[in-house]
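First comes the structure, then the notes that go with it.
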Amino acid sequence: MNKRTYWQDNLRLVFLCLVIWFVVSFGFGILLLDTLNQIKIGGLRLGFWFAQQGSIYVFVALIFFYAWRMAALDKKHGVGED
Amino acid sequence: MELQSLTYLVVGASFALYIGIAFASRARSTGEFYVAGKHVHPVANGMATAADWMSAASFMSMAGLIAFLGYDGSVYLMGWTGGYVLLALLLAPYLRKFGKFTVPEFIGDRYASQTARMVAVVCLIVISFTYIIGQMRGVGIVFSRFLNVDIAVGLTVGMAIVFFYAVLGGMKGITYTQVAQYCVMIFAYTVPAVFISLQVTDTAIPQLAFGSSVVDGSGFLLDKLDQVVTDLGFAAYTSGTKSRIDVFFITLALMLGTAGLPHVIVRFFTVPRVRDARMSAGYALFFIAILYTVAPAVGALARLNLTETIQPGPVGSPGGNLAYNDRPDWFRTWEATGLLVFEDKNGDGHVQYYNDANPDFAPTAESYGWQGNELVVDSDIIVLANPEIAGLPDWVVALVAAGAIAAALSTAAGLLLVISAAVSHDLLKSVFTPNISERQELLAGRVSAAVAILLAGYLGYEPRAFVAQVVALAFGLAAASLFPAILLGIFSFRVNKQGAIAGMLTGLVFTLGYIIYFKGVFVAPFAENIAENWLLGISPEGIGAVGAVLNFTVAIAVSAFTPPPPPEVRELVERIRVPA
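Keeping their order, the protein sequence lines are chains V and L.
The numbers in the numbering used here rise by one with no breaks, and the one at position 67 of the first sequence is 67.
The numbers in the numbering used here rise by one with no breaks, and the one at position 165 of the second sequence is 1165.
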């Protein structure tokens, strides 16, 4: 077991997830709001949808994705709890 | 059965359920009292966290705020959910591995400093008390509106219930009661939303109704809403009025604050393993997201319903506005509470509801013979009045009352527990009376929970304006004080006690100072709370994010000029970074 590479892998995964976290909320929902609002899917303007619905769905998926990948990393590096 | 008796029945049955659960799962040791013996299943903990987190404000106020703020209301939706991503990725698994009882305990051990621990205790108590006062107030409002009793009586009943299960059951009792409260709350929230979605858009799922067409064939819900509100001089529903930078910082402050709230963090101490803590955060956000994705739909539907009730005909036409004498029953009911106020400024016997603060719309309004907005609607009534506005059956109204009480009680109980643990574990056991036995510590925990309830109930009795002002404070302080200290404690070996203490105090003083400067808690504000006066255009609601940045900067800078932490701290950090 190598704690250093485990921690590096973890940091890389955290960084990736936080980039997505930032892009869907602060990016799509706030900074790019006006641009994305030009795009309409059904009755929804895309920027507004990300701000009030889409970002929340992505947040939920992100946490499960992180938990799933971390469980695999725990196993790979032999630091799991069982 | 009459609505009144039906409401008593439903609320009474929910109370019996909570008390039964609390009695069955009462705490017998300090481990059970503080962290439920660490035996809570991750799904159960997810539900309990959701109930713990979703307060009277989430249940009663949020959809109403969104209804009136439109796009600007997104700060609550993104801010109060995005924080869970930070919690799951950056804090919860490591704090679970740390494996002790409280947040100040982690800060004290990591920075090898009782002073750091005391600073954390002070932050925790200020944050949690601020929050709990709002919950007790929420209980009082629901009781007085739905059960027709005095606010003081409602508060006393609420205090008695929380006292019973928080003091007796500790974390263990609270956890399983919160699972039940989550079920009551989410059922009570979604049932009226489904009914109203069906009525307006013929779509049963509120999240989809949000993007659907309205049944009368006049186009998509949100397009129609943009149209009707701009016709009355308001900003378009989907674009909002706050500056982009302010929206950015408020969202960030709410996210960091959410991740730094002690009563939420401590819930992740209760699961058996580190990987359960990660999964449990996912379940928690999933359960929260059910309510948080329904809320914007409820907000949009309610705003449309309300606007069309007040303005049934074309804007500006003589009979286009609701005649006051023809007002519906719910209008009368809520007028009686003072949360809906009509004043016939132009004396025409009709209700005009429009944006009289918009100078561009003023000439139009004048040409209609309107002399100012005549209706003031408190945003809190949107969720509570929604079933009545939509003409839903009485049992739905009774259910909403039970749901609102569940939301307030579950959050109040979680807050009480972290306050009592901070007093009995972080103050008494660790500093003032280290020699007390476990039995005495358990008793001290119960006594401090009891004192905290009495104080919160007392403070929740009158201070309406006070509560509104200090809510920004709770999030701002959590973001600016605790969040950076915990994060650096996990992700840095180098940050030491001098850095952490200086960082927390800087974040705390700066954020507190900025909010008091513009909002004046306990003293008169020093400057008018308008965008021109704000630092970089950031409102007091968003300043906690700046406080957090200052905290990080000061903590790292001070640590660089002071000796590194002792070797045991390095070992502690290495230990918490791996699950086993």
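Positions of the beta carbon are idealized from the N, C-alpha and C atoms, including for glycine.
On a predicted model such as this, the values are computed, not experimentally measured, just so you know.
DSSP state of residue i mapped onto helix, strand, coil
| i | result |
| --- | --- |
| L1340/L | strand |
| I1538/L | coil |
| I1220/L | Ile is not the amino acid found at residue 1220/L; the sequence shown has Phe there. Reduced to three states, the DSSP call for F1220/L is strand. |
| K40/V | strand |
| S1197/L | helix |
| R1332/L | helix |
| A1180/L | helix |
| A1465/L | Here the model assigns A1465/L a pLDDT of 49, short of 50, so the residue's position is not dependable and the matter cannot be decided. |
| A1323/L | strand |
| R1577/L | helix |
| S1239/L | coil |
| A1013/L | helix |
| R1026/L | coil |
| R1273/L | coil |
| S1213/L | strand |
Proximity of residue i and residue j at Cβ, strictly below 9 Å
| i | j | result |
| --- | --- | --- |
| T1219/L | D1426/L | Looking at the sequence provided, one finds Gly at residue 1219/L rather than Thr. For G1219/L and D1426/L, no; Cβs fall outside 9 Å. |
| A1485/L | A1120/L | yes |
| R1275/L | P1579/L | yes |
| W1330/L | I1389/L | yes |
| V1103/L | L1090/L | no |
| L1086/L | W49/V | no |
| V1229/L | A1236/L | yes |
| I1250/L | L1477/L | no |
| G1372/L | T1156/L | no |
| D34/V | L73/V | no |
| A1300/L | A1067/L | yes |
| V1179/L | L1409/L | no |
| V1184/L | S1014/L | yes |
| T1506/L | V1554/L | yes |
| E1032/L | K1172/L | yes |
| S1492/L | G1547/L | no |
| K1497/L | T1007/L | no |
| F1059/L | A1407/L | yes |
| A1088/L | A67/V | yes |
| F1164/L | V1397/L | no |
| V1315/L | D1231/L | yes |
Beta strand (DSSP E) segment containing residue i, residue limits
| i | result |
| --- | --- |
| L1147/L | No beta strand (DSSP E) holds L1147/L; DSSP gives it neither H nor E. |
| L1375/L | 1375-1377 |
Nearest-angstrom beta carbon gap, residue j and residue i [assumed within contact, 8 Å]
| i | j | result |
| --- | --- | --- |
| K1519/L | N1529/L | 6 Å |
| A1160/L | L1417/L | About 17 Å; that fails the 8 Å criterion. |
| V1011/L | A1413/L | Contact doesn't hold; Cβ gap of about 17 Å is too wide. |
| D1202/L | V1215/L | 5 Å |
| E1574/L | K3/V | 7 Å |
| I63/V | G1079/L | At roughly 16 Å, the Cβ-Cβ gap does not stay under 8 Å, so I63/V and G1079/L are not in contact. |
| F1143/L | G1154/L | 3 Å |
| V1294/L | Y1324/L | About 33 Å separates the two Cβ atoms, so there is no contact after all. |
| A1048/L | T1175/L | 5 Å |
| V83/V | F1286/L | The question about residue 83/V has no answer here: the residues shown for chain V are numbered 1 through 82. |
| I1436/L | L1428/L | 7 Å |
N- and C-terminal bounds of the alpha helix (DSSP H) containing residue i
| i | result |
| --- | --- |
| T1049/L | 1042-1053 |
| K75/V | 55-76 |
| Y1034/L | 1030-1035 |
| G1108/L | 1103-1110 |
| D1394/L | 1394-1421 |
| I1486/L | 1483-1491 |
| I1245/L | 1244-1260 |
| F1068/L | 1062-1069 |
| T1156/L | 1151-1162 |
| G1582/L | Given that chain L is displayed from residue 1001 to residue 1580, the structure contains no residue 1582/L and the question cannot be resolved. |
| P1093/L | 1092-1098 |
Closer than 9 Å to chain A by CB, residue i
| i | result |
| --- | --- |
| R12/V | Protein chains in the displayed structure are V and L, and chain A is not among them. |
Practice item. Ignoring anything shorter than 3 residues or poking outside the segment 1348-1391 of chain L, list the beta strand (DSSP E) runs there in chain order. Key: 1375-1377
Review point. Along the chain, which unbroken stretches of the beta strand (DSSP E) at least 3 residues long are found entirely within the segment 1495-1523 of chain L?
Key: none
Exercise for review: Output the residue ranges of the alpha helix (DSSP H) runs that lie fully inside the segment 1-39 of chain V and measure 4 residues or longer, sorted by chain position.
Suggested key: 3-22, 33-37
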